[in-house]
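Student:
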Amino acid sequence: MITTGDESLLIQQIDAVQQRTQELYQNVRETSQHHPLLLLDCLAQLQVALEELYVAEQELRQQNEELIAARQAAEAERKRYQELFEFAPDGYLVTDIHGTIQEVNRAAAELLNVAQKHLMGKPLTAFVPEEERKAFRFMINQLQTVNRVQEWEVRLCKRREALFDAALTVETVRNGEGEAIALRWLIRDITVRKQAEAQLHQVQMQNLQLLEADRLKNQFMATMSHELRTPMNAILGFSQLLLRQFRQQDNQQLVTMIERIVKNGKHLLEMIEEILDFSRLKAHRLELQLEAFDLVELATTTAEELRALAEQKTLNLQVHLTQPSIPMVNDQVRLRQVLVNLLSNAIKFTEVGSVALKIWELPEGRVAIAVSDTGIGINSADQARIFQEFWQVNQTTTRQQKGTGLGLAIANSLVQLMQGTISVESQVGKGSTFRVELPRRVSPL
Ligand code: ADP
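By the count of our numbering, the sequence shown reaches residue 497 at its end, each step adding exactly one.
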């Protein structure tokens, strides 16, 4: 790049050479006839001066070329920035400090739905709805002191169209003295974002309503089942008294009728207990009563209690044990509840074959309990859902089987409370295996 200093040096050099050439010419004219030697000397000097002139010319030429190249580069750069500004995907504007448009790119013109040339000289406030103009002007005034405003959300109106939500980022341009001389604006249409935010808000509100509805439902279930349990116990108690009396009187007809009342009453009570457990678990109000017991003993006695049920359906109920005892610390009553649920489901959903309960120890102080059957099985889509509350596979056929659809949901929550896991493997038509893994010692929470 040539600086002004270089240039004046060159001019001085050329001037000096010219002057010397002039002098020489003068000398040659005056002395050529009388002093031939002097002439020769003059000619030699002229030669030197011409060579210097030639060098200076070459230098000047080169510097000129450099100057042209530098100008072209600067021009290309300016064009590149202009194009970047022009074709930027976001709307860019330059205004004076009062908000009068001086430069505008295509995206901004499209956003405002006005041709670029017609935007020049227009106040930006013309695109702000009237009721919001005062606040907009106030903000522009603030920009004299503040250097940048980020993501300022406003509503702008497109020409001949409705309002749209925009986010503005504005930067103040200052001169050397620090005076504000222009404003640079970035305008983005955030209608879609605003709509998404509104939808999200709506979904959040609906979620809250659902949570509240769920809480009310659980509360209702807890209260109802609690209220139902007391009269149910009374009905069962008195029915059993009546049963004893009619048996003594040997009144077979009434005995059969009261037996039915007792059987159905017991079933109803079981369902009420299930609902009560479920609502307690949901409200995190169920606590485990930890105690030491033998898992092998618990499993064998539970299986024995259900043997009669299996035999009614001529099912073979097997118990497989790998060792005579497995001491554990857990809630015995609740673990029995899980076993009863898995075993009675296995019996309920099996018509031919067997039901097996298997218990064995796992590494790292854990135990496994598996309940297998040769029953109807569960397809893979339903396997993922049966642990959800109220889920019953193929509702029309399973409705023939009694149940609330809460058993597995309760078992799942109980096993989680016991710091364990429950899973199922099944094949339709072949049978199912439910597997529970538990720590031998449940640590108190
Ligand atoms: P319930 O037995 O009261 O309907 P559960 O939560 O215990 O409720 O079981 C949910 C559903 O899972 C059952 O209705 C049944 O469709 C399915 N299911 C559970 N255990 C078995 C099993 N051993 N074999 C086949 N299906 C089963």
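Even for Gly, the Cβ is constructed at its ideal location relative to N, Cα and C.
It should be emphasised that the depicted structure is a prediction, and the values quoted were computed from it without experimental measurement.
Mind checking which residues open and close the alpha helix (DSSP H) that includes P216?
Tutor: Checking the sequence, you will find Phe at residue 216 rather than Pro. First-last for F216: L215 to R226, but that is the beta strand (DSSP E), not the alpha helix (DSSP H).
Student: When the distance is taken between beta carbons, is I428 closer than 8 Å to F401?
Tutor: Against a cut-off of 8 Å, the Cβ pair of I428 and F401 comes out as a contact.
Student: Whose C-beta lies closer than 6 Å to the C-beta of A219 among residues of the same chain, with five residues either side of it excluded?
Tutor: Excluding positions up to five away in sequence, the list reads E203, E205, R240 and I242.
Student: Drop a sphere of 10 angstroms on the beta-carbon of S495, count the other beta-carbons inside from all chains shown, and report buried for 16 or more, exposed for fewer.
Tutor: Flag for S495 reads exposed.
Student: Using the C-alpha atoms, what's the distance from L490 back to R388?
Tutor: So the two alpha carbons sit approximately 13 Å from each other.
Student: To the nearest angstrom, how far is the alpha carbon of T374 from that of L306?
Tutor: Distance between the alpha carbons of T374 and L306: 48 Å.
Student: Would you report the Cα separation of L119 and P141, rounded to the nearest angstrom?
Tutor: Taking the straight line joining both Cα atoms gives about 35 Å.
Student: Just mark Q447 as buried or exposed, buried being the case when its beta carbon has 16 or more other beta carbons within 10 Å.
Tutor: Because Q447 carries a pLDDT of 47, less than 50, the predicted location of this residue cannot be relied on, and the following value inherits that uncertainty. Its Cβ having fewer than 16 others within 10 Å, Q447 is exposed.
Student: Straight-line CA distance for G483 to I378?
Tutor: Roughly 28 Å separates the two Cα atoms.
Student: Got a sec? Which residues, its chain only, sit under 7 Å from D148 by beta carbon, not counting five neighbours each side?
Tutor: So the list reads Q154 and A234, once near-sequence residues are dropped.
Student: Determine the DSSP secondary structure at D67, reduced to helix, strand or coil.
Tutor: If DSSP states are grouped into helix, strand and coil, D67 belongs with the helices.
Student: Do you know offhand how far L469's Cα is from S277's?
Tutor: Between L469 and S277, the C-alpha separation is close to 22 Å.
Student: In this structure, what does DSSP give as the bridge partners for E343?
Tutor: Its beta-bridge partners are N382.
Student: Give the secondary structure of G486 by DSSP, where H, G and I count as helix, E and B as strand, and everything else as coil.
Tutor: According to the sequence shown, residue 486 is Phe rather than Gly. F486 falls in the strand class under three-state DSSP.
Student: Go ahead and pull the three-state DSSP assignment for K410.
Tutor: Correct three-state label for K410: strand.
Student: Quick check on N368: does DSSP put it in helix, strand or coil?
Tutor: Correct three-state label for N368: strand.
Student: Within the same chain, show all residues whose beta-carbon is closer than 6 Å to that of V37, passing over the 5 residues directly before and after it, in chain order.
Tutor: Residue 37 lies beyond the stretch modelled for the chain, which goes from 53 to 497, so this question has no answer here.
Student: Where does L497 land, buried or exposed, given buried means 16+ other C-beta within 10 angstroms?
Tutor: Label assigned to L497: exposed.
Student: State yes or no: is the C-beta of I428 nearer than 7 Å to some heavy atom of the ligand ADP?
Tutor: I428: yes, Cβ under 7 Å from the ligand ADP.
Student: Between the alpha carbons of R359 and V390, how many angstroms are there, rounded?
Tutor: So the alpha carbons of these two residues sit roughly 16 Å apart.
Student: As a quick exercise: from Q471, E477, P415 and G417, pick the residue whose alpha carbon is nearest that of I438.
Tutor: Answer by Cα proximity: E477.
Student: Which whole runs of the alpha helix (DSSP H) in the stretch 166-211 are 4 residues long or more, in chain order?
Tutor: If we require 4 residues or more, the alpha helix (DSSP H) runs fully inside the stretch 166-211 come out as 168-171 and 185-194.
Student: Could you check which residue in R236, V156 and I192 has the C-alpha nearest to that of E138?
Tutor: E138 has its Cα closest to that of V156, out of R236, V156 and I192.
Student: So, using beta-carbon positions, are T224 and L238 closer together than 8 Å?
Tutor: Cβ atoms of T224 and L238: not closer than 8 Å.
Student: Go through its chain and collect everything with a Cβ distance to A398's Cβ below 6 Å, but skip five positions before and after it.
Tutor: Taken in chain order, the residues that qualify are V407, V423 and D425.
Student: How big is the Cα-Cα spacing for Q64 and V107?
Tutor: Their Cα atoms are separated by approximately 14 Å.
Student: Counting only runs that start and end within the stretch 293-339, where is the alpha helix (DSSP H) found for 4 or more residues in a row?
Tutor: Entirely contained in the stretch 293-339, the alpha helix (DSSP H) runs reaching 4 residues are, in chain order, 304-334.
Student: What number of angstroms, rounded off, separates the C-alpha of R123 from the C-alpha of Q114?
Tutor: Answer to the nearest angstrom: the Cα atoms are 14 Å apart.
Student: Please identify the residue among E322, Q134, F298 and Q194 whose C-alpha is closest to the C-alpha of E311.
Tutor: The residue with the shortest Cα to Cα distance from E311 is F298.
Student: Does the ligand ADP have a heavy atom nearer than 7 Å to the CB of L460?
Tutor: Yes, Cβ of L460 sits closer than 7 Å to a heavy atom of the ligand ADP.
Student: So, at 6 Å on beta carbons, what are the nonlocal neighbours of K410 in its own chain, with the 5 sequence-adjacent residues on each side left out?
Tutor: So the qualifying residues of the chain are H372 and A422.
Student: Looking at T354 and the ligand ADP, is the gap between the Cβ and the nearest heavy atom below 7 Å?
Tutor: Checking the Cβ of T354 against the ligand ADP gives no.
Student: What is the rounded straight-line gap between the Cα of H170 and the Cα of Q254?
Tutor: Answer to the nearest angstrom: the Cα atoms are 41 Å apart.
Student: Going straight from the alpha carbon of V488 to that of A362, what length do you get?
Tutor: Approximately 21 Å, taken between the alpha carbons.
Student: Drop a sphere of 10 angstroms on the beta-carbon of E127, count the other beta-carbons inside from all chains shown, and report buried for 16 or more, exposed for fewer.
Tutor: With fewer than 16 Cβ atoms within 10 Å of its Cβ, E127 is classed as exposed.
Student: Report yes or no: do three or more beta-carbon pairs, one from the stretch 315-331 and one from the stretch 286-300, lie closer than 8 Å?
Tutor: Short answer: they touch.
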